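Data block below; observations after.
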Amino acid sequence: MQNEQASKTYIILTNLLFVVGVLFFGWTTLIVFLGFFIEAIINYLFNMAKLSVLYFKEKRHFDFSFLALSQSAFLFVNAIFFFIIFALDYTGRALLIHGEASVFQIVEFLSLIIVILIAASQKFYQGFFKNQKYKEISSDSVAEKSYGSIILLQLLNLFGFGLILFFSLDRLFSLIIVFAKFMTEFFGEKQGK
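Here the sequence shown is numbered in the working numbering, starting from 73 and rising by one per residue.
Listed below in structure tokens is the structure:
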């Protein structure tokens, strides 16, 4: 029950931060996708921590190596898309809020990273160590759960980056993408139970 509650809290908190950033702090669509990318990196690190613990339990070297490399490939593809967008946006306007650089933007983005780290740490500790799930699950189940969220973020980023290249996007698009991410994560978490 606590693990399910921690997962739901994590999903709600992280997606709510994106909504608040768009509505109240003027985050652009690119900033939202940069946030998705940072969330994917943090999730990757915690998945690698889970897989490391399970590796010492199961001693399945190929599974650990394959999962680490495949999840790294997803992050690499995201990084390529960011470099493409930044290269095409040589003026730097995509990362500016209301047409001017803001020190508060850095503070807001750091708060997003801190909240994602705290929520992921709490989910990792409560759901994996405290409840001793590492004794019950295998590396295959960790991979199955993590691939769903990684593929979701990958598809949203591909879709969003494609639209960023061809259209001028506003807050409504950012909110729709955050809502789509929230709904698929939330209902995906329910079906995974």
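C-beta atoms are modelled at their ideal positions from N, C-alpha and C, and glycine is treated no differently.
Please read these numbers as outputs of a predicted model, since none were measured by experiment.
Open item on the list: Rounded to whole angstroms, what is the Cα-Cα separation between residue 190 and residue 156?
Closed with: 31 Å
Open item on the list: For a test of the three-state rule: what should DSSP assign to residue 98, helix, strand or coil?
Closed with: coil
Open item on the list: When you compare the CB positions of residue 246 and residue 104, do they come within less than 8 Å of one another, or not?
Closed with: yes
Open item on the list: Quick check on residue 249: buried or exposed, where buried means 16 or more other Cβ atoms within 10 Å of its Cβ?
Closed with: Around the beta-carbon of residue 249, 16 or more other beta-carbon atoms lie within 10 Å, marking it buried.
Open item on the list: Once DSSP output is grouped into helix, strand and coil, what is the label at residue 209?
Closed with: coil
- [ ] Decide if residue 227 is buried, meaning its Cβ has at least 16 other Cβ atoms within 10 Å, or exposed.
- [x] exposed
Open item on the list: Out of 259, 258, 253, which one is the CA nearest neighbour of residue 91?
Closed with: 253
- [ ] State the Cα-Cα distance for the pair residue 141 and residue 147, rounded to the nearest angstrom.
- [x] One C-alpha to the other measures close to 10 Å.
- [ ] Compare the C-alpha of residue 201 against each of 111, 122, 96, 154 and name the closest.
- [x] Among 111, 122, 96, 154, the Cα nearest to that of residue 201 belongs to 122.
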